[in-house]
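Participant: Residues in the sequence shown are numbered from 1 upward in steps of one, following UniProt numbering.
Just so it is clear, CB atoms sit at the ideal spot from N, CA and C, and this is done for glycine as well.
Following this message is one structure expressed as structure tokens.
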Amino acid sequence: MTSESVAETIVNTADRLYYERGITAVGMAELRDEAGVSLRRLYSEFPAKDAIVRAVLEKRHLQWSDGVEARMSEAGTPRERLLAVYDYLADWFCEDGFRGCGFINAFGELGGEDAEVRRIVREHKESFQRRLAEIVDDLGAPTLLAAQLALLAEGAQTTAAIAGSGEAAGQARAAAEVLIDHALSAA
């Protein structure tokens, strides 16, 4: 195994375990066993658990951004691109093992104690809102709409995880349509 593939295996394994059970519930020895690497190799790739947590959050950021962008690229108009976010959420909420937003989960678990986790989570959420703001600008609607649509997406993620149902995505999409149409009529 190359160093890159070992690191990737460790991150993928950590991501799965942290998402299933929580970051603090998974020790380094369990991660080592699940990843199939020695403890020495684990620490040579990631000198501390917080480095693995950062790598997992970076991976999740890319997955989220790529997934949302791919779904939006299938849509034509700016309005359709904004609504595609909620279609992406609907698909995600139906995946086996869906447990909500990994960023919200990490923030809830570590955000009060770990400034780096807080920073990464905030940057992730801000980047999503900035992306929505770009599309809202293309739409010709007031900038405030981006924050409102982001809140709908965040709320849908939390609601879906707690309820164990994907219905929140459709409800958020319907609310987004009302917000978009209102913003356009007011503009």
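Could you check whether the stretch 124 to 137 touches the stretch 34 to 49, counting it as contact only if at least three pairs of C-beta atoms, one from each stretch, sit closer than 8 Å?
Facilitator: The stretch 124 to 137 and the stretch 34 to 49 do not touch, with fewer than 3 CB-CB distances between them shorter than 8 Å.
Participant: Given a cut-off of 8 Å on the beta-carbon distance, is the pair A169 and A90 in contact?
Facilitator: What you label residue 169 is simply residue 169 of the sequence shown in a count that begins at 1. What you label residue 90 is simply residue 90 of the sequence shown in a count that begins at 1. A contact, by the Cβ cut-off of 8 Å.
Participant: Throw me the rounded Cβ distance for the L152 and A183 pair, which I believe falls under 8 Å.
Facilitator: The residue you call residue 152 lines up with position 152 of the sequence shown. The residue you call residue 183 lines up with position 183 of the sequence shown. Actually they do not touch by this definition, with Cβ atoms about 13 Å apart.
Participant: Given a cut-off of 8 Å on the beta-carbon distance, is the pair R60 and F103 in contact?
Facilitator: By 1-based counting over the sequence shown, the position of residue 60 is 60. By 1-based counting over the sequence shown, the position of residue 103 is 103. Going by C-beta atoms, R60 is nearer than 8 Å to F103.
Participant: In three-state DSSP terms, what is E113?
Facilitator: Residue numbering aside, residue 113 sits at position 113 when the sequence shown is read from its first letter. E113 falls in the coil class under three-state DSSP.
Participant: Secondary structure at I10, three-state DSSP: helix, strand or coil?
Facilitator: Start at 1 with the first residue of the sequence shown, and residue 10 comes out as number 10. Helix.
Participant: Between A75 and D66, what straight-line distance do the alpha-carbon atoms span, to the nearest angstrom?
Facilitator: Position 75 of the sequence shown, counted from the first residue, corresponds to residue 75. Position 66 of the sequence shown, counted from the first residue, corresponds to residue 66. About 15 Å.
Participant: To the nearest angstrom, how far is the alpha carbon of A146 from that of T77?
Facilitator: Within the sequence shown, residue 146 is the residue found at index 146, counting from 1. Within the sequence shown, residue 77 is the residue found at index 77, counting from 1. Taking the straight line joining both Cα atoms gives about 16 Å.
Participant: Using alpha carbons as the reference points, say which of V37, S38 and V53 lies closest to G111.
Facilitator: The residue you call residue 111 lines up with position 111 of the sequence shown. The shortest Cα separation from G111 among V37, S38 and V53 belongs to V53.
Participant: Can you have a look at I162 and say buried or exposed, based on whether 16 or more other CB atoms are within 10 angstroms of its CB?
Facilitator: Mapped onto the sequence shown, residue 162 falls at position 162. Per the 10 Å Cβ criterion, exposed.
Participant: In the DSSP assignment, find the alpha helix (DSSP H) that holds residue 193 and state where it starts and stops.
Facilitator: This structure leaves residue 193 out entirely; the chain is present only between 1 and 187.
Participant: Could you tell me if L173 is buried or exposed, where buried requires 16 or more neighbouring beta carbons within 10 angstroms of its beta carbon?
Facilitator: Position 173 of the sequence shown holds residue 173. Rather than Leu, the amino acid found at residue 173 in this sequence is Arg. The residue in question, R173, is buried, as its Cβ has 16 or more Cβ neighbours within 10 Å.
Participant: Considering only their Cβ atoms, is the gap separating R71 from A84 smaller than 8 Å?
Facilitator: Sequence index remark: in the sequence shown, residue 84 carries index 84 (1-based). Sequence index remark: in the sequence shown, residue 71 carries index 71 (1-based). The answer is yes: Cβ separation under 8 Å.
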